[in-house]
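Structure record follows, encoded as structure tokens.
Number of protein chains: 2
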Amino acid sequence: MRARDLLADFPTVTLDTAVIDAARLLADQDLPGLIVVDDSGLPASILPGTQVLRLAVPGYCQDDPALARVVDEAHADALLASMTGRTVREALPTRARELPVTDSQATALELAALMARTHSPLVAIVDGDRLLGAVTLQALMDGLLAQ
Amino acid sequence: MRARDLLADFPTVTLDTAVIDAARLLADQDLPGLIVVDDSGLPASILPGTQVLRLAVPGYCQDDPALARVVDEAHADALLASMTGRTVREALPTRARELPVTDSQATALELAALMARTHSPLVAIVDGDRLLGAVTLQALMDGLLAQ
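Order-wise, the sequence lines are chains V and W.
Add 133 to the 1-based position in the first sequence for the numbering used here, that's all there is to it.
Add 133 to the 1-based position in the second sequence for the numbering used here, that's all there is to it.
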């Protein structure tokens, strides 16, 4: 079982997509994450769902549970406001990290290790200069358990 | 909008559940993760889907992409074998880390920050000594976008 047996088409967003539209795509299609492509159509970043959410959380609240608690419920609107005004490009982490991207020859074990290591329930599959689709955690689990 | 408005019942596993059964539960119900409860019914751990997968990946492959690549496809069976013989207790990380657990008064902002920080698309909601359920990333996103 290789990535080519498990991959499927997957929606993409671009660096210029508004964060609010990216969030709506994730929610409406119940996606485990998003593939962000650059001008050439190749993955610039892969955002697990939890990290799409991070785009919406003001920085001063991300690492301070007490602060997030005292912000009262009216301020939940701040989350939406934070998503509305920004593009994915502005919200991406600046720190480089390993992207969950591999090719169609990747083994099931390789896909599993990559998802576990990058905390991503989504791996983009690229062959040469073309994005073929993605393998989701769900597809990998189903493939493994069907054996 | 608070956790009490967003929470729903959520399946649990125990420390003695076989990893293979935990994986089947995740796959069959398309869950974003699992709540592991202790003898008192309270969360001992929360496992995002990608970390359930980690339970199945041999340690020597987790951090070495090249090694996972050379293991040929026949050895994908090793993933299943690794899951079949072990319980969740044996497979949990030994390193303590912040659990995505909060109470029903948590604000949307607090839930979002907790999910982002712990990389968990699932937050267990506990009041006093009782597990009330969980808020999923999907429920939180739907709640925010419906405002």
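Think of the CB as a built atom: it goes at the ideal place given N, C-alpha and C, for glycine as much as any other residue.
Model, not experiment: these values are computed from the prediction.
- For the pair HIS252(V) and LEU264(W), the Cα-to-Cα distance works out to about 25 Å.
- Shown here for LEU242(V): not one same chain residue has a beta carbon closer than 7 Å to its own, the five before and five after excluded.
- Put simply, the CB of GLY261(V) is far from chain W, with every gap to its CB atoms at 8 Å or more.
- Proximity of the region 158-175 of chain W to the region 244-263 of chain W meets the contact definition, three or more beta-carbon pairs being nearer than 8 Å.
- Listed by position along chain V, the residues whose Cβ is nearer than 7 Å to that of LEU278(W) are ALA156, ARG157 and ALA160.
- It is roughly 11 Å from the alpha-carbon of GLY218(V) to the alpha-carbon of ASP154(V).
- Using beta-carbon distances, VAL190(V) counts as an interface residue toward chain W, with a partner under 8 Å.
- ASP262(W) and ARG230(W) have their C-alpha atoms spaced approximately 21 Å apart.
- For the region 167-185 of chain V, the set of residues with a beta-carbon nearer than 9 Å to any beta-carbon of chain W comprises PRO181, GLY182, THR183, GLN184 and VAL185, in chain order.
- THR147(W) places its beta carbon 8 Å or farther from that of LEU270(V).
- Going by DSSP, LEU265(W) is part of the beta strand (DSSP E) stretching over 263-269.
- By the Cβ-count criterion, PRO226(V) is exposed, with fewer than 16 other Cβ atoms from all chains shown falling within 10 Å of its own Cβ.
- Close CB contacts of ARG222(W) within its chain, under the 8 Å cut and outside five residues either way in sequence, are with LEU148 and ASP149 (chain order).
- Interface residue (Cβ-Cβ distance to chain W less than 8 Å): PRO254(V) is classified as such.
- Here DSSP, grouped into helix, strand and coil, assigns ASP172(W) to coil.
- Taken atom to atom, the span from the alpha-carbon of MET274(W) to that of ALA156(V) is near 7 Å.
- Only those residues of the region 232-247 of chain V whose C-beta falls short of 9 Å from the nearest C-beta of chain W are listed: THR235, GLN238, ALA239, THR240, ALA241, LEU242, GLU243, LEU244, ALA245, ALA246 and LEU247.
- Annotated three-state conformation of LEU232(V) is coil, per DSSP.
- Secondary structure of LEU247(W) (DSSP, three-state): helix.
- The CB of ALA249(W) comes closer than 8 Å to the CB of THR183, GLN184, LEU186, ARG187, VAL190 and GLN195 in chain V, given here in chain order.
- Rounded to whole angstroms, the gap between the alpha carbons of ARG137(V) and LEU159(V) is 24 Å.
- Less than 8 Å separates the beta-carbon of LEU188(V) from that of ALA224(V).
- Partner residues in the beta bridge of ILE258(V), as assigned by DSSP, are THR235(V) and GLY266(V).
- Under the Cβ criterion of 8 Å, ASP163(W) is counted among the residues facing chain V.
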